[in-house]
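A short write-up of the structure that comes next.
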Amino acid sequence: MSKKLTDRRRNLLREIQHLADKAIFGTLSESYRTCGRAGCHCQGPGPKHGPHLHVSYRGDEGKTTGYYVPKAAEQTVREGVAAWQRLQQHLRKLAELNQARTLRQAREERSR
Ligand SMILES: [Zn+2]
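For the sequence shown, this note's numbering assigns the number 13 to the initial residue and increments by one for each residue that follows.
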């Protein structure tokens, strides 16, 4: 394998490890809600409560599930979901490099 390709692969692996460390799986959405307090501004024409950050995802049995994110965790969760997306792209690139390497090795073995 060429040195350049090896470096690229090593960088990818390092980045993948970094992203995997903080990846969070799910789709983000924001919602505004009404509360149960009598006479609260949210019951009338006034602004509702929010935005509340929500994460939804497909669970083990294919059922969509999700959870509301506490304010204190919002930034970490947003970064985690973004990390998951980048992780997928990086894994795809790594798989391409793996494929190229495998085919190249097969060619080299045949010509030996
Ligand atoms: Zn309210």
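Here a beta-carbon is modelled for each residue, glycine too, at the ideal position from N, C-alpha and C.
Decide if residue i is buried, meaning its Cβ has at least 16 other Cβ atoms within 10 Å, or exposed.
| i | result |
| --- | --- |
| L115 | exposed |
| H53 | exposed |
| G92 | buried |
| L65 | buried |
| L25 | exposed |
| L31 | buried |
Looking at residue i and ligand 1, is the gap between the Cβ and the nearest heavy atom below 7 Å?
| i | result |
| --- | --- |
| H61 | yes |
| T46 | yes |
| R49 | yes |
For residue i and residue j, what's the separation of their Cα atoms in angstroms?
| i | j | result |
| --- | --- | --- |
| P59 | E86 | 21 Å |
| G71 | G78 | 9 Å |
| L128 | G51 | No information on residue 128 is available, as it lies outside the stretch 13 to 124 that the chain covers here. |
| T88 | A112 | 36 Å |
| E42 | R119 | 52 Å |
| R49 | F37 | 34 Å |
* Taking the runs of the beta strand (DSSP E) that are 3 residues or longer, which of them lie wholly in the region 26-104? -> 39-45, 61-70 and 76-80
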